[in-house]
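Chains as they are written, first to last, in our numbering: chain Z, 3 to 405; chain H, 116 to 273.
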């Protein structure tokens, strides 16, 4: 009888919790969700999403290329002074970011270094979307005089100087890395991209909550902090954040002007997406060019149809909201140091900074300090709850292992 | 029945059907229907919108298959299959423009779609994308000679 009573009480408790999470009077309660909100919460998962190889990169998921790309990502000899590698700015210990407001390669840059987790899911690369594919975006810093200042000749020299690197290059591309090979730099970039495609972030506390709701697992859902639930409600509702920060990766992959200044010290402006479209269309390594390995052309739609608009000036990419606790500071110029600053930016939004012909739904959210804290709690729940281990070192392919 | 009489009878039947559909739509108090019923057989099976004599049926084409739940998924490229009709059946008019914007947001798409005539009043529009969730308005311009008819239709992206 006691057992039955316990079960009965447990059942009532489960039912009460379920009603608490799914109550129809959701609008009146700060951490209850309506059917519509539950549907929208579900749309932010599941996580991780299905991984697909890049059809525009013929060595995507190729083990020799992944190993080669890993080695070259950490290789400073690709740079002009032999001291700057991709990993100099994309530090694995910081979510593949550098913790600086703006990047520093051979010289100081003007934009914040983006993290690289889940980079395979992006449509456009760089804050201005100046690249339509990951390998092209990986090639630019190698050649950029302010970042690595490298060259095809220097890269070939590094590859030929290492039996292991040269072997992996041959295994991946079917030929030796020669200095006169015009394809060499593109191939190296494709190898580096193939490694970056393997950088996937694990499920975060939000994902466990979202999945628990899907399973109607009340006990598991109840483990999600109340502050994060309240923040999620603001995110979906009053904040209208999900209008752009949509889907499992919390971004629509496009661009927006949210009133972050685009002036560059000491003088000048960062044109953002407007300049990005110009660079994209002038880039010989875009997907409309000869180096796209997708014979169907099915991956060219974005580049083929992109429409330059006056409002693009000062627009920057809508970033993913995953792994934010690893990648401070924030915004395209790294001007906001903390997530609290980011939330305050939207709460106190300066409408005078917005384009006259830009987005019309941006308004100051006028959040209270408690609401700011709740939204921060939600954003933090999109990052791993525990420190991430170093990335897995891809094994050398058997043909290239030393005897 | 000689061929001329058959043609006249066919046109009369189509016009009669058109009037019946128009009356039905008016009875519903709407000029849009979710089923494609306005065009000749085998026309697009999506949504039909009318303005004056112009009947335009459109449906969404996604790279990976059919539209689910009738809502257009945001931030994904899609195409439109468009069929133009008039009172006589298949229209000889041209689809001169297809675009979309978010009236509440005061901006349009980030992509400029192209229109490809397929013959028999049918057109394919490529390069569409609704990059934000919310209410969008499809905007079509249909040109017959010098006359341009503009048709709009509200849709939801999410």
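Cβ coordinates follow ideal geometry from the N, Cα and C atoms, glycine included.
**OP:** Go through its chain and collect everything with a Cβ distance to residue 232 of chain H's Cβ below 6 Å, but skip five positions before and after it.
**Re:** In the second chain, the residue the question calls residue 232 of chain H occupies position 117. 238.
Original post:
residue 178 of chain H and residue 307 of chain Z look like a contact to me (Cβ under 8 Å); what is the Cβ gap, rounded to whole Å?
Top reply: Here residue 178 of chain H refers to the residue found at position 63 when the second chain is read from its first residue. Here residue 307 of chain Z refers to the residue found at position 305 when the first chain is read from its first residue. No, residue 178 of chain H and residue 307 of chain Z are not in contact; Cβ-Cβ is about 14 Å, not under 8 Å.
Original post:
Taking only beta-carbon atoms, is residue 254 of chain Z less than 9 Å away from chain H?
Top reply: The residue given as residue 254 of chain Z occupies position 252 in the first chain. It does; some Cβ of chain H falls within 9 Å.
Original post:
Closer than 9 Å, CB to CB, is residue 221 of chain H near chain Z or not?
Top reply: Start at 1 with the first residue of the second chain, and residue 221 of chain H comes out as number 106. Yes, because at least one Cβ of chain Z sits closer than 9 Å to the Cβ of residue 221 of chain H.
**OP:** Might you give, ordered along the chain, the residues of its own chain that have their beta carbon closer than 7 Å to the beta carbon of residue 350 of chain Z, omitting 5 neighbours on each side?
**Re:** Here residue 350 of chain Z is taken as the residue at index 348 of the first chain, counted from 1. Excluding residues within five positions, the ones whose Cβ falls inside 7 Å are 366.
Original post:
Can you give, in chain order, each stretch of the alpha helix (DSSP H) that sits fully within the segment 105-145 of chain Z and has at least 4 residues?
Top reply: 136-145
Subject >> Straight-line gap, residue 136 of chain H to residue 119 of chain Z (C-alpha atoms, nearest Å) >> reply: Residue numbering aside, residue 136 of chain H sits at position 21 when the second chain is read from its first letter. Residue numbering aside, residue 119 of chain Z sits at position 117 when the first chain is read from its first letter. Unreliable positioning characterises residue 136 of chain H in this predicted model, as indicated by a pLDDT of 44, which lies under 50. A coordinate reading is not provided.
Original post:
Where does the unbroken beta strand (DSSP E) through residue 395 of chain Z begin, and where does it stop?
Top reply: As a first step, residue 395 of chain Z is located in the first chain; it is residue number 393 there, counting from the start. Residue 395 of chain Z -> no beta strand (DSSP E), and no H or E assigned at all.
**OP:** Scan the segment 202-233 of chain H and note each continuous beta strand (DSSP E) run of 3 residues or more that stays entirely inside, going in chain order.
**Re:** 209-217
Original post:
Between residue 404 of chain Z and residue 166 of chain Z, what straight-line distance do the alpha-carbon atoms span, to the nearest angstrom?
Top reply: Here residue 404 of chain Z refers to the residue found at position 402 of the first chain. Here residue 166 of chain Z refers to the residue found at position 164 of the first chain. Between residue 404 of chain Z and residue 166 of chain Z, the C-alpha separation is close to 8 Å.
Original post:
Which residues of chain Z have a Cβ atom closer than 7 Å to the Cβ of residue 180 of chain H, listed in chain order?
Top reply: In the second chain, counting from the first residue as 1, residue 180 of chain H sits at position 65. Per Cβ cutoff of 7 Å: no residues; residue 180 of chain H is ~14 Å from chain Z at best.
Subject >> is_contact[residue 1 of chain Z, chain H] using C-beta, thresh 9 Å >> reply: Since the first residue of chain Z shown is 3 and the last is 405, residue 1 of chain Z is not available in this structure.
Subject >> Under 7 Å by beta carbon: chain Z residues contacting residue 228 of chain H >> reply: Here residue 228 of chain H refers to the residue found at position 113 of the second chain. Chain Z residues near residue 228 of chain H: 307.
Original post:
Are residue 108 of chain Z and residue 150 of chain Z touching if we call contact CB-CB under 9 Å?
Top reply: Position 106 of the first chain, counted from the first residue, corresponds to residue 108 of chain Z. Position 148 of the first chain, counted from the first residue, corresponds to residue 150 of chain Z. Yes, Cβ-Cβ distance for residue 108 of chain Z and residue 150 of chain Z is below 9 Å.
Subject >> residue 259 of chain Z vs residue 311 of chain Z beta-carbon contact at 9 Å >> reply: For the purposes of this step, residue 259 of chain Z is taken as residue 257 along the first chain, with counting starting at 1. For the purposes of this step, residue 311 of chain Z is taken as residue 309 along the first chain, with counting starting at 1. No; because the gap between Cβ atoms is not below 9 Å, this pair is not in contact.
Subject >> Alpha-carbon spacing of residue 27 of chain Z relative to residue 125 of chain Z, whole angstroms >> reply: Taking the first chain and counting its residues from 1, one reaches residue 27 of chain Z at position 25. Taking the first chain and counting its residues from 1, one reaches residue 125 of chain Z at position 123. At residue 27 of chain Z, the pLDDT of 44 sits below 50, so the modelled position is not reliable; the number obtained from the coordinates is stated separately. Approximately 39 Å, taken between the alpha carbons.
**OP:** Find the residues of chain Z that neighbour residue 192 of chain H, judging by a C-beta separation of less than 8 Å, and give them in chain order.
**Re:** Working through the second chain from its first residue, we reach residue 192 of chain H at position 77. Within chain Z, the residues near residue 192 of chain H are 303, 304 and 307.
Original post:
Is the CB-CB distance between residue 251 of chain Z and residue 117 of chain Z below 9 Å?
Top reply: Position 249 of the first chain holds residue 251 of chain Z. Position 115 of the first chain holds residue 117 of chain Z. No, these two residues do not count as a Cβ contact at 9 Å.
Subject >> Inter-stretch contact at 8 Å, needing at least 3 Cβ pairs: the segment 280-288 of chain Z / the segment 128-142 of chain Z >> reply: yes
Subject >> Option in Z:95, Z:179 and Z:213 with minimal Cα separation from residue 393 of chain Z >> reply: Counting from one through the first chain, the residue named residue 393 of chain Z turns up at place 391. Checking every option, the nearest Cα to that of residue 393 of chain Z belongs to Z:95.
Original post:
What does a CB cutoff of less than 6 Å around residue 170 of chain Z pick up in its chain, not counting 5 residues either side in sequence?
Top reply: As a first step, residue 170 of chain Z is located in the first chain; it is residue number 168 there, counting from the start. Excluding residues within five positions, the ones whose Cβ falls inside 6 Å are 66, 69, 70 and 402.
**OP:** For residue 363 of chain Z, return the contacting residues in chain H, with the cut-off set at a CB-CB distance below 7 Å.
**Re:** Translated into positions along the first chain, residue 363 of chain Z becomes position 361. Residues of chain H passing the Cβ test: 219 and 220.
Original post:
Quick one: Cα of residue 110 of chain Z to Cα of residue 104 of chain Z, how far?
Top reply: Taking the first chain and counting its residues from 1, the one referred to as residue 110 of chain Z is at position 108. Taking the first chain and counting its residues from 1, the one referred to as residue 104 of chain Z is at position 102. Rounded to whole angstroms, residue 110 of chain Z to residue 104 of chain Z spans 7 Å at the Cα level.
Original post:
Apart from the five residues on each side of it in sequence, which residues of its chain come closer than 8 Å, Cβ to Cβ, to residue 212 of chain H?
Top reply: Taking the first residue of the second chain as 1, we reach residue 212 of chain H at position 97. Within the same chain, residue 212 of chain H has close Cβ partners 230, 254, 255 and 256.
Original post:
From what residue to what residue does the alpha helix (DSSP H) around residue 173 of chain H run?
Top reply: Stepping through the second chain from its first residue, residue 173 of chain H is reached at position 58. Counting along the chain, residue 173 of chain H falls outside any alpha helix (DSSP H), though it belongs to the beta strand (DSSP E) covering 169-176.
**OP:** Could you tell me the distance, in whole angstroms, from the CA atom of residue 193 of chain H to the CA atom of residue 216 of chain H?
**Re:** The residue given as residue 193 of chain H occupies position 78 in the second chain. The residue given as residue 216 of chain H occupies position 101 in the second chain. Computed Cα separation, rounded: 15 Å.
Original post:
Among the residues of its own chain, which have a CB less than 7 Å from the CB of residue 212 of chain Z, if the five just before and after it don't count?
Top reply: As a position in the first chain, residue 212 of chain Z is number 210, starting the count at 1. Result list for residue 212 of chain Z: 43, 44, 46 and 47, in chain order.
Original post:
Looking at the structure shown, is residue 251 of chain H part of a helix, part of a strand, or coil, going by DSSP?
Top reply: As a working mapping, residue 251 of chain H is identified with position 136 in the second chain. Three-state result, residue 251 of chain H: strand.
Original post:
Looking only at DSSP bridge pairs, what is residue 193 of chain H linked to?
Top reply: Translated into positions along the second chain, residue 193 of chain H becomes position 78. Looking at the DSSP assignment, residue 193 of chain H forms a beta bridge with H:243.
Original post:
Which same chain residues, not among the five before or five after residue 348 of chain Z, have their C-beta less than 6 Å away from its C-beta?
Top reply: Locating residue 348 of chain Z in the first chain gives position 346, where the first residue counts as 1. Excluding positions up to five away in sequence, the list reads 367.
Subject >> Spatially closest choice to residue 246 of chain H from H:260, H:225, H:204 and H:207, by CA coordinates >> reply: As a first step, residue 246 of chain H must be located in the second chain, where it is residue number 131. When each option's Cα is compared against that of residue 246 of chain H, the closest is H:225.
**OP:** Please compile the residues from chain Z whose C-beta is within a distance smaller than 8 Å of the C-beta of residue 242 of chain H.
**Re:** Start at 1 with the first residue of the second chain, and residue 242 of chain H comes out as number 127. Under the 8 Å cutoff, chain Z gives 303, 306 and 307.
Original post:
By how many angstroms is the C-alpha of residue 338 of chain Z removed from the C-alpha of residue 322 of chain Z?
Top reply: Translated into positions along the first chain, residue 322 of chain Z becomes position 320. Translated into positions along the first chain, residue 338 of chain Z becomes position 336. The straight-line gap from Cα to Cα measures roughly 16 Å.
Original post:
Helix, strand or coil: how does DSSP classify residue 46 of chain Z here?
Top reply: Counting from one through the first chain, the residue named residue 46 of chain Z turns up at place 44. Residue 46 of chain Z: coil per DSSP, three-state reduction.
**OP:** Please confirm if residue 257 of chain Z has its CB atom under 9 Å from at least one CB of chain H.
**Re:** Numbered from its first residue, the first chain carries residue 257 of chain Z at position 255. Yes, residue 257 of chain Z counts as interfacial toward chain H.
Original post:
Which residues in the same chain have their Cβ closer than 7 Å to the Cβ of residue 62 of chain Z, if we skip the five residues on either side of it in sequence?
Top reply: As a first step, residue 62 of chain Z is located in the first chain; it is residue number 60 there, counting from the start. Correct list, in chain order: 55, 56, 196 and 199.
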